[in-house]
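Scroll down for the structure; my scribbles are underneath it.
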Amino acid sequence: MTTLTEATVQDVQLELIRRLNYNALDGERVVKDLLAHRELWRAAMIDRFCFSRPGKLPALGLLKLRDLPDNFWNADTLYVLTPNSESAHKLAQLAEEWGGMVLVHKDREDIESALGGYGYDAAIVSVWWD
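Rendered as structure tokens:
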């Protein structure tokens, strides 16, 4: 077993995903499936959508901070960086079984804007759970 000090940032993200279990989101299953299909993705993280408000705190952006004392990572949207559209579509098929709303994002300009540039033929799969 990897200790926290030895864990990669990706390991930490997978653990946060694994701990989530509410509504249709079964974090253990999601992580198990991701690891079983590691060739389809480069990175995965779970987060929560928020609204940027320049000069102010992000609207709905600190729910995770609020819930940390309760040992709950309040996130509802999985983002998975894939090497290309083909991998994204294969992963999306698998993700359909996870009970969330699955989208494949493959518009290069949109992806580079979201990632702050990237320069590859990447695609992103997102899964949102209500």
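Heads up: the sequence shown at position 94 corresponds to 129 in the numbering used here, and the numbers run straight through without jumps. Glycine is no exception: its CB is placed at the ideal position from the N, C-alpha and C atoms.
Short Cβ contact (7 angstroms threshold) for residue i with residue j
{"i": "Phe107", "j": "Ala94", "result": "no"}
{"i": "Leu116", "j": "Arg143", "result": "no"}
{"i": "Tyr114", "j": "Met136", "result": "no"}
{"i": "Arg83", "j": "Val66", "result": "no"}
{"i": "Leu129", "j": "Asp68", "result": "yes"}
{"i": "Trp164", "j": "Leu60", "result": "yes"}
DSSP beta-bridge partners of residue i
{"i": "Tyr114", "result": "Met80 and Ser161"}
{"i": "Val139", "result": "Val160"}
{"i": "Asn119", "result": "Paired residue(s): none; Asn119 is not in a bridge."}
{"i": "Phe86", "result": "Ala94"}
{"i": "Tyr57", "result": "Leu60"}
Buried/exposed call for residue i, threshold 16 Cβ in 10 Å
{"i": "Gly151", "result": "exposed"}
{"i": "Gly90", "result": "exposed"}
{"i": "Leu49", "result": "buried"}
{"i": "Ala149", "result": "exposed"}
Cβ-based neighbour list, residue i, same chain, cut-off 8 angstroms, excluding 5 preceding and 5 following
{"i": "Ile146", "result": "His140, Tyr153, Ala157, Ala158 and Ile159"}
{"i": "Leu126", "result": "His72, Leu75, Trp76, Val115, Thr117 and Val160"}
{"i": "Asn56", "result": "Gly62 and Glu63"}
Residue of the options minimising C-alpha distance to residue i
{"i": "Asn58", "options": "Asn109, Glu41 and Thr38", "result": "Asn109"}
{"i": "Ala123", "options": "Gly134, Leu97, Val162 and Ala42", "result": "Val162"}
{"i": "Gly134", "options": "Glu121, Tyr155, Asp111 and Ser120", "result": "Asp111"}
{"i": "Asn119", "options": "Asp105, Pro104, Tyr155 and Leu97", "result": "Tyr155"}
Residues of its chain near residue i, where Cβ-Cβ distance is below 7 angstroms and the 5 sequence neighbours each way are ignored
{"i": "Asp46", "result": "Thr37"}
{"i": "Glu131", "result": "Val137"}
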